[in-house]
Amino acid sequence: MNFLTSLCRPLFLGVLLSLVATSAQAVQSPNEGQVANQVVAIVEDRVITLQEVRQQMSRLIPDLQRMSRSQDEFRRNYEQTKREIVEGMVDRILVVKEFERRGWEIPQSAIERRIESIIEEDFNGSRVEFLRYLQDAGETSRSFRRRIKEGFIVQEMEGQRRHSRTTVSPVLMQEFYEENPHLFTEDEAVQLRLIELKVITAEPEEVLEQTAETIFAELEEGTSFGDLSRRYSQHRSREDGGFLGWIAMQDLREDWREEIRDLSEGETSGLIRTGDSFFILHLEQHRQDGVQPIHKVRDRIEEELVNKTMRQDMERWFERLRNRYFVRYF
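Going letter by letter, the sequence shown gives residues 1 to 330 in the working numbering.
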């Protein structure tokens with residue numbers, strides 16, 4: 001996986017689809033105006049300028065700064081990301097050109113609906129605010145509409161490629177599973193529910209202990225732990241019946257781990273004092289560490305292999321497009 005896609009999205013078309021989103025305007029000093037208009041690539045009749053690249057780069061700079069340990073590393077990462085942005089913009093234009101060559105069309109009504117949705121969701125329905133944003137970003141309504149249309153085209157063309165998804169054979173899935181056991185290794189973990197009883201100022205602890213005794217009694221009578229959590233717990237999970245989901249054993253407090261280890265699935269702990277609260281834990285499931293069996297990860301393996309095949313297919317497709325259309329870099 002290259003540097004840019006690790007910042008954005010894991011899919012091969014992540015760079016292309018991310019360009020559909022509204023981008024921030026790059027900040028320039030007065031003497032950068034002419035440089036900003038410098039041509040970095042030409043695709044058929046479309047020109048990509050340095051200014052356009054900087055607009056895409058501006059939203060990634062904070063992530064680049066966080067990930068770089070020195071100014072030299074930042075410069076290297078910046079240049080690499082810039083190259084990948086240019087490639088993404090070239091590929092985006094190639095996709096549009098191929099769409100147009102096939103004589104396909106995006107309905108104007110779909111573009112207008114998308115723009116209205118953006119105005120409603122991002123600008124509280126204010127067309128004035130939307131137009132002011134375009135002006136501040138140095139963009140026209142026409143260029144914005146074109147970007148929206150191209151976004152639809154990219155999605156449509158990607159969808160066309162996805163329709164030809166390859167069926168993965170069981171043999172390939174088994175081979176991938178055996179060659180990559182580290183991808184399917186899990187730590188020991190538990191699935192928990194809890195009830196928290198908090199000590200209130202000036203309230204004797206005996207009151208909480210009595211409440212706990214009532215809870216234990218109702219559990220003995222068959223009341224579900226989830227119902228009791230909704231009724232008695234003061235934890236934020238109470239509306240979900242105290243459900244916490246899967247938690248790695250190593251992430252639990254030591255005293256909680258000791259309580260959990262003595263429980264079987266479906267059993268409930270005693271009263272545990274932690275700070276100013278009392279907790280009651282209920283063990284739903286317990287998962288040992290180790291490699292998951294293949295039947296539990298079959299869907300993950302299939303998705304990974306299909307995506308790999310699709311990425312390879314997309315790379316071959318883009319290579320054909322580059323050979324079909326005029327592309328020049330500067």
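C-beta atoms are modelled at their ideal positions from N, C-alpha and C, and glycine is treated no differently.
Same chain, Cβ closer than 7 Å to residue i, neighbours up to 5 away in sequence not counted
i, result
"Ala212", "Leu197, Leu271, Phe278, Ile280"
"Arg300", "none"
"Gly245", "Gln191"
Bridge-paired residues (DSSP) for residue i
i, result
"Glu338", "The first residue shown for the chain is 1 and the last is 330, placing residue 338 beyond what the model contains."
"Ala41", "Ile48, Tyr329"
"Arg273", "Phe278"
"Val53", "Its beta-bridge partners do not exist; DSSP assigns none."
"Glu186", "Gly290"
Under the three-state DSSP convention, the category residue i falls into
i, result
"Ile119", "helix"
"Val168", "coil"
"His286", "strand"
"Tyr329", "strand"
"Ile260", "helix"
"Ala137", "coil"
"Arg146", "helix"
"Glu112", "helix"
"Glu178", "helix"
"Thr268", "strand"
"Glu203", "coil"
"Gln191", "strand"
"Thr211", "helix"
"Ile106", "coil"
"Ser58", "helix"
"Glu221", "coil"
"Leu131", "helix"
"Gly125", "coil"
"Asp253", "A small correction: the amino acid at residue 253 is Arg; Asp does not occupy that position in the sequence shown. Coil."
"Arg236", "coil"
8 Å contact criterion, which residue i and residue j should meet: CB distance rounded
i, j, result
"Leu283", "Glu267", "6 Å"
"Ala110", "Phe330", "Going by Cβ atoms, the distance from Ala110 to Phe330 rounds to 35 Å, so no, they are not a contact pair."
"Ile153", "Ile106", "6 Å"
Range covered by the beta strand (DSSP E) that runs through residue i
i, result
"Ile247", "243-248"
"Thr49", "46-49"
"Arg298", "Arg298 -> not in any beta strand (DSSP E); alpha helix (DSSP H) instead, spanning 294-324."
6 Å CB neighbourhood of residue i in its chain, flanking five on each side removed
i, result
"Ala248", "Asp187, Ala189"
"Val199", "Asp276"
"Trp317", "none"
"Gly238", "With the sequence shown as reference, residue 238 is identified as Arg, and Gly is not the correct amino acid for it. Here the set comprises Ser229, Arg230."
Chain-order list of residues whose beta-carbon lies under 8 Å from that of residue i (same chain, five-residue window excluded)
i, result
"Phe3", "Unreliable positioning characterises Phe3 in this predicted model, as indicated by a pLDDT of 36, which lies under 50. The coordinate reading is nonetheless provided below. The answer, listed in chain order, is Asn77, Gln80, Thr81, Glu84."
"Ile115", "Phe144, Arg145, Ile148"
"Gly241", "Arg193, Ser224, Phe225, Gly226, Asp227, Ser229, Arg230"
Run of the alpha helix (DSSP H) containing residue i, from where it starts to where it stops
i, result
"Phe85", "For the sequence presented, residue 85 should be read as Ile rather than Phe. Looking at the DSSP string, the run of the alpha helix (DSSP H) that includes Ile85 is 71-101."
"Ile61", "61-67"
"Leu228", "225-232"
Cβ-heavy atom distance, residue i to the ligand FMN, below 7 Å
i, result
"Leu131", "You won't find the ligand FMN in this model; it holds no ligand whatsoever."
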